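*Asks:* A single structure is presented below for examination.
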Ligand SMILES: C[S@@+](CC[C@H](N)C(=O)[O-])C[C@H]1O[C@@H](n2cnc3c(N)ncnc32)[C@H](O)[C@@H]1O
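In this note's numbering, the protein residues as written are 1 to 332.
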């Protein structure tokens, strides 16, 4: 089915606003009532969160962007060789695309080398998709593009329904690390089940390395990562009419080199009650909210993940420091 492609953003596939607002309220209240308390990191990305994440990507400590940018800017031909289906037309679907600063190098290369492809970026944030669209239109004028605002799998299904071509699904920037390990297996398995034999994926994995370098990327002295985490409390105040004293929480980051889990928390600096939409949630002094995991992988973790989820590894590209790897796998 060849529907919905044009050079501008295609709206109309995204979840109803009211339904998204209902899910936000329910997830926040359920998360803060659970033991331990937690919030889902997909909610970081309102307009302020998008801006703060762009600031994080520009921080010298946040090596992930530099490493993956090096792969996409300097080793583009290797990536492109791994995904081009000879002369077959394909669709490149990117999950959690963000502002597209890395992807645009690959898109440019594919376009310059005459590949017959269309681009379908997916993101939960409509704001960042607007920024991405501008970036991509400037870098690759005339590229056929369909922006899909919403959750990964809902939008992947929509993209596949609109495609009818071979597909490459791309997940960059360590997005896969923002899942617990068992969830990343289920995520890959689900992608494999939606795709067809011969389709491919490009997935970026942040590798285990010097723990001080990892921790430093999430513990910046300028406080941008702290502001990024605290911004979710501000969003809850605004969208759920809550009365959280944001200054009553501090950001805390851990890295466990054994498991590879790098986790962020907001810790209550005093005993306090917060009111959210008629619900009262009590915090003890020192009690934390678990905010986000940024999982780090060993090479063998990645090989096992491919095998367990039914993909065949095709190739991989690393940066010169060997901090980060983008793998290309094919559906068996
Ligand atoms: C860590 S940023 C990485 C962005 C981009 N992949 C990069 O490498 O620069 C994560 C992006 O994924 C989006 N995102 C997070 N959870 C999502 C979900 N469940 N469904 C769709 N998009 C999601 C966020 O809005 C954000 O733009």
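Glycine included, C-beta positions come from ideal geometry on N, C-alpha and C.
Given the structure is predicted, the values throughout are model-derived calculations rather than measurements.
1) By Cβ distance, which residues of its chain are closer than 6 Å to residue 116, with the 5 residues on each side in sequence left out?
2) Would DSSP call residue 60 helix, strand or coil?
3) If you reduce the DSSP assignment to three classes, tell me which class residue 2 lands in.
4) Kindly indicate which three-state DSSP category residue 313 falls into: helix, strand or coil?
5) Using only the heavy atoms of ligand 3, determine whether one of them is closer than 7 Å to the beta carbon of residue 97.
6) Under a three-way DSSP split, which group does residue 200 fall into?
7) Taking the beta carbon of residue 214 as the centre, do at least 16 other beta carbons fall within 10 Å, making it buried, or is it exposed?
8) Among residues of its own chain, excluding the 5 on either side of residue 194, which ones have a beta-carbon nearer than 8 Å to its beta-carbon?
9) Give every residue of the same chain whose Cβ lies closer than 7 Å to the Cβ of residue 279, excluding the five residues on either side of it in the sequence, and list them in chain order.
10) Under a three-way DSSP split, which group does residue 228 fall into?
11) Using only the alpha-carbon positions, how far apart do residue 109 and residue 77 sit?
12) Have a look at the DSSP bridge pairing and note the partners of residue 280.
13) Could you give the distance in angstroms between the alpha-carbon of residue 313 and the alpha-carbon of residue 107?
14) Grouping DSSP H, G and I as helix and E and B as strand, with all else coil, what is residue 270?
15) Any heavy atom of ligand 1 closer than 7 Å to the CB of residue 53?
16) According to the neighbour-count rule (16 or more other Cβ atoms, all chains shown, within 10 Å of its Cβ), is residue 149 buried or exposed?
17) In chain order, what residues of the same chain have a beta carbon less than 7 Å from the beta carbon of residue 178, not counting five sequence neighbours either side?
18) Can you check whether the CB of residue 232 is closer than 8 Å to the CB of residue 39?
19) DSSP on residue 155, reduced to helix/strand/coil?
20) Give every residue of the same chain whose Cβ lies closer than 7 Å to the Cβ of residue 73, excluding the five residues on either side of it in the sequence, and list them in chain order.
21) Within 10 angstroms of the Cβ of residue 81, are there 16 or more other Cβ atoms? Answer buried if so, exposed if not.
22) Based on Cα-Cα distance, which residue from 84, 246, 253 lies nearest to residue 114?
23) With a CB to CB cut of under 6 Å and the five nearest residues on each side skipped, what residues in its chain are close to residue 299?
*Replies:* Reading it off the structure:
1) As a first step, residue 116 is located in the chain shown; it is residue number 116 there, counting from the start. Closer than 6 Å at the Cβ level, and outside the excluded window around residue 116, lie 89.
2) The count along the chain shown starts at 1 and reaches residue 60 at position 60. Of the three classes helix, strand and coil, the one that applies to residue 60 here is coil, per DSSP.
3) Here the question's residue 2 lines up with position 2 in the chain shown. At residue 2 the pLDDT is 44, less than 50, meaning the model places this residue with poor confidence and gives no usable figure here.
4) Here residue 313 refers to the residue found at position 313 when the chain shown is read from its first residue. Looking at residue 313 - three-state DSSP - the assignment turns out to be strand.
5) With respect to ligand 3, the structure shown offers nothing to examine, as its ligands consist of ligand 1.
6) As a working note, residue 200 is residue 200 in the chain shown. Of the three classes helix, strand and coil, the one that applies to residue 200 here is strand, per DSSP.
7) In the chain shown, the residue the question calls residue 214 occupies position 214. So residue 214 counts as buried.
8) Within the chain shown, residue 194 is the residue found at index 194, counting from 1. So the list reads 153, 156, 157, 160, once near-sequence residues are dropped.
9) Your numbering for residue 279 matches position 279 in the chain shown. The answer, listed in chain order, is 29.
10) Taking the chain shown and counting its residues from 1, the one referred to as residue 228 is at position 228. In the structure shown, residue 228 sits in a helix (DSSP, three-state: H, G or I).
11) Mapped onto the chain shown, residue 109 falls at position 109. Mapped onto the chain shown, residue 77 falls at position 77. Taking the straight line from one Cα to the other gives about 7 Å.
12) The residue labelled residue 280 in the question sits at position 280 within the chain shown. Partner(s): 275.
13) Along the chain shown, one-based indexing puts residue 313 at 313. Along the chain shown, one-based indexing puts residue 107 at 107. Each residue's Cα considered, the two are about 22 Å apart.
14) As a working mapping, residue 270 is identified with position 270 in the chain shown. In the structure shown, residue 270 sits in coil (DSSP, three-state: anything other than H, G, I, E or B).
15) Taking the chain shown and counting its residues from 1, one reaches residue 53 at position 53. Yes, ligand 1 has a heavy atom inside 7 Å of this Cβ.
16) Position 149 of the chain shown, counting from 1, holds the residue named residue 149. Looking at its Cβ environment, which holds 16 or more other Cβ atoms inside 10 Å, residue 149 is buried.
17) Taking the first residue of the chain shown as 1, we reach residue 178 at position 178. Excluding residues within five positions, the ones whose Cβ falls inside 7 Å are 41, 292, 293, 294.
18) Position 39 of the chain shown, counting from 1, holds the residue named residue 39. Position 232 of the chain shown, counting from 1, holds the residue named residue 232. Their beta carbons are under 8 Å apart, which means residue 39 touches residue 232 by this criterion.
19) Residue numbering aside, residue 155 sits at position 155 when the chain shown is read from its first letter. Residue 155 falls in the helix class under three-state DSSP.
20) Within the chain shown, numbered from 1, the residue matching residue 73 stands at position 73. These residues qualify, in order along the chain: 105.
21) Indexing the chain shown from 1 puts residue 81 at position 81. The residue in question, residue 81, is exposed, as its Cβ has fewer than 16 Cβ neighbours within 10 Å.
22) Numbered from 1 along the chain shown, position 114 holds the residue referred to as residue 114. Comparing Cα-Cα distances from residue 114 to each of 84, 246, 253, the minimum goes to 84.
23) Here residue 299 refers to the residue found at position 299 of the chain shown. None.
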